[in-house]
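> Before we start, here is the structure in question, set down as structure tokens.
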Amino acid sequence: MAKRLPPLNPLRAFEATARHGSLTKAASELNVTHGAVSHQIKALEQSLGVKLFERVGQRVKLTPHGAELLPAVSTAFDGIAAATQRLTRPASSGALSVSCVPALLLLWMTPRLGSFTAQYPDIQLTLIPSNDARDIRAPHIDVCVHYGNGTWTDCWMRKWSGLELFPVVSPTLINNRPIRSVRDLADHVFLHGDDGREWHTWLAAADALDLERGRRHHLGDARMATEAAVHGHGVALGDSVTASALLARGMLVAPFSQSVPAVDDFYVVCRNEMRATPIVQVFIDWLFAEKAGDDGRAGAPVAGRIISRRKRPALKVIGAKTAG
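In the working numbering, the protein residues as written are 8 to 331.
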């Protein structure tokens, strides 16, 4: 059964009178007569069966019952006003702030800014490299593209992409120090974008957990590990989303056919009230359209030619020239 709520107009009269402490000022704000405001308040008091105001000289003062009711009414009206403002916010102009996983922001989103600007030239983006869950509720951030397990609560979310992990290395490094089998990785520096779990997962799938690993660097995140690989500082784990452009341009190569699913996925996440904002909807639609375009070109992608996604159990070198 629907909860019984007082009529809207008496609540408006009550809130305005409580805020101004004056029937006259409330009537002026609501553009009605003093008598109309008085009538609405009396109707609300009769409906609730309590006294909401008492007169103190020329002004009115909330009774304990009125003081108890006011915060809920004020919050409700503020919420309605904020929602109305969001709904009337232009869909194709204005400012939009986005929190995005650093690697995804640098390697996937930034190269596509021209596409977004061409479609929406009047939207000004603020892009924040972050995967901090607190951004989801931050009032200065409109939408997040984060990596995680999708367990954020009290918000809107939609999975944007899964991803597969595989070793990547610069062509120069692999030419100077060949990688013909997984055992050759022992001669290379391991570049970590996490605490080592991702490399552990890949080596387990490659039946190489016993590989003797020597030098290694922990770079803090996947973006830095991938950049270090581009510069020839070692072998990193790339992924099927952020590394694809680097593979296509020949800045990285994937020496093995083995890939493993990442533990988590990319999600688009925002506060529930932001989901209905037209400018946020425009950006979310663009994100999914761009990803669909990538998937549509996946009939013969560079990454697909390099990674067989476990079609063959054996590991082998492909696509890389070796010295000697």
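Glycine included, each C-beta is placed from N, C-alpha and C at the ideal position.
Just so you know, these numbers come straight off a predicted model, no measurement behind them.
Please check the pair residue 23 and residue 12, which I expect to be a contact at CB under 8 Å, by giving their CB distance rounded to whole angstroms.
As a first step, residue 23 must be located in the sequence shown, where it is residue number 16. As a first step, residue 12 must be located in the sequence shown, where it is residue number 5. That pair is no contact at about 18 Å.
> Which same chain residues end up closer than 7 Å to residue 320 when comparing Cβ atoms and leaving out the 5 residues on each side of it in sequence?
If you number the sequence shown from 1, residue 320 lands on position 313. Only weak support is given to the placement of residue 320: the predicted model assigns it a pLDDT of 30, under 50, and the value that follows is read from those uncertain coordinates. Nothing meets the Cβ criterion.
> Taking all protein chains shown into account, do 16 or more other C-beta atoms lie within 10 angstroms of the C-beta of residue 265, making it buried, or fewer, making it exposed?
Here the question's residue 265 lines up with position 258 in the sequence shown. Residue 265 comes out buried.
> Residue 220 to residue 237, Cα distance in whole Å?
Translated into the one-based positions of the sequence shown, residue 220 becomes position 213. Translated into the one-based positions of the sequence shown, residue 237 becomes position 230. Rounded to whole angstroms, residue 220 to residue 237 spans 21 Å at the Cα level.
> Does the beta-carbon of residue 138 have 16 or more other beta-carbons within 10 angstroms, so that it is buried, or is it exposed?
In the sequence shown, the residue the question calls residue 138 occupies position 131. Buried, because 16 or more other Cβ atoms sit within 10 Å of the Cβ of residue 138.
> Are residue 105 and residue 132 touching if we call contact CB-CB under 9 Å?
Counting from one through the sequence shown, the residue named residue 105 turns up at place 98. Counting from one through the sequence shown, the residue named residue 132 turns up at place 125. Going by C-beta atoms, residue 105 is nearer than 9 Å to residue 132.
> Can you name, in chain order, every residue of its own chain whose Cβ lies under 7 Å from the Cβ of residue 9, other than the five neighbours on each side?
On the sequence shown, residue 9 is found 2 positions in, with the first residue counted as 1. Low confidence applies to residue 9: its pLDDT is 49, below 50, so where it sits in the model is not reliable, and the reading given next is rough at best. Nothing meets the Cβ criterion.
> What is the residue span of the alpha helix (DSSP H) that residue 206 lies within?
Counting from 1 along the sequence shown, the entry for residue 206 is found at position 199. Residues 204-212.
> For residue 133, which three-state DSSP category applies?
Position 126 of the sequence shown, counted from the start, is the residue given in the question as residue 133. Here residue 133 sits in strand by DSSP.
> Please report how far the alpha carbon of residue 277 lies from the alpha carbon of residue 182, in whole angstroms.
Within the sequence shown, residue 277 is the residue found at index 270, counting from 1. Within the sequence shown, residue 182 is the residue found at index 175, counting from 1. If you take the alpha carbons of residue 277 and residue 182, they lie about 45 Å apart.
> Report buried or exposed for residue 171, applying the criterion of at least 16 other Cβ atoms within 10 angstroms of its Cβ.
Start at 1 with the first residue of the sequence shown, and residue 171 comes out as number 164. Result: buried.
> What residue ranges within the segment 241-289 form continuous alpha helix (DSSP H) runs of no fewer than 4 residues, ordered along the chain?
Listed in chain order, the complete alpha helix (DSSP H) runs (minimum 4 residues) inside the segment 241-289 are 251-255.
> Quick check on residue 215: does DSSP put it in helix, strand or coil?
The residue labelled residue 215 in the question sits at position 208 within the sequence shown. Reduced to three states, the DSSP call for residue 215 is coil.
> Look at the alpha carbon of residue 102 and the alpha carbon of residue 292, and state the distance between them as a whole number of angstroms.
Your numbering for residue 102 matches position 95 in the sequence shown. Your numbering for residue 292 matches position 285 in the sequence shown. Rounded to whole angstroms, residue 102 to residue 292 spans 17 Å at the Cα level.
> Does DSSP classify residue 101 as helix, strand or coil?
As a working note, residue 101 is residue 94 in the sequence shown. In this structure, residue 101 counts as strand in the three-state DSSP scheme.
> Rounded to a whole number of angstroms, what is the C-alpha to C-alpha distance between residue 296 and residue 60?
The residue labelled residue 296 in the question sits at position 289 within the sequence shown. The residue labelled residue 60 in the question sits at position 53 within the sequence shown. So the two alpha carbons sit approximately 56 Å from each other.
> With DSSP as the reference, label residue 227 as helix, strand or coil.
On the sequence shown, residue 227 is found 220 positions in, with the first residue counted as 1. Of the three classes helix, strand and coil, the one that applies to residue 227 here is coil, per DSSP.
> If distances are taken between C-alpha atoms only, which option among 130, 83, 205 and 294 comes closest to residue 100?
Taking the sequence shown and counting its residues from 1, one reaches residue 100 at position 93. For residue 100, the nearest C-alpha among the options comes from 130.
> How should residue 47 be labelled, buried or exposed, when 16 other C-beta atoms within 10 angstroms of its C-beta is the threshold for buried?
The residue you call residue 47 lines up with position 40 of the sequence shown. Residue 47 should be labelled buried.
> What did DSSP end up calling residue 12 once you bin it into helix, strand or coil?
Position 5 of the sequence shown, counted from the start, is the residue given in the question as residue 12. Residue 12: coil per DSSP, three-state reduction.
> Using a Cβ-Cβ cut-off of 6 Å (strictly less than) and excluding sequence neighbours within five positions of residue 114, which residues of its own chain qualify?
Numbered from 1 along the sequence shown, position 107 holds the residue referred to as residue 114. These residues qualify, in order along the chain: 249.
> Applying the 10 Å Cβ sphere with the 16-neighbour rule, what's the burial state of residue 147?
As a working note, residue 147 is residue 140 in the sequence shown. Burial call: exposed.
> Tell whether a beta-carbon distance below 9 Å holds between residue 149 and residue 286.
Residue numbering aside, residue 149 sits at position 142 when the sequence shown is read from its first letter. Residue numbering aside, residue 286 sits at position 279 when the sequence shown is read from its first letter. For residue 149 and residue 286, yes; Cβs fall inside 9 Å.
> Are there 16 or more other CB atoms within 10 angstroms of the CB of residue 20, so buried, or fewer, so exposed?
Locating residue 20 in the sequence shown gives position 13, counting from the first residue. Flag for residue 20 reads buried.
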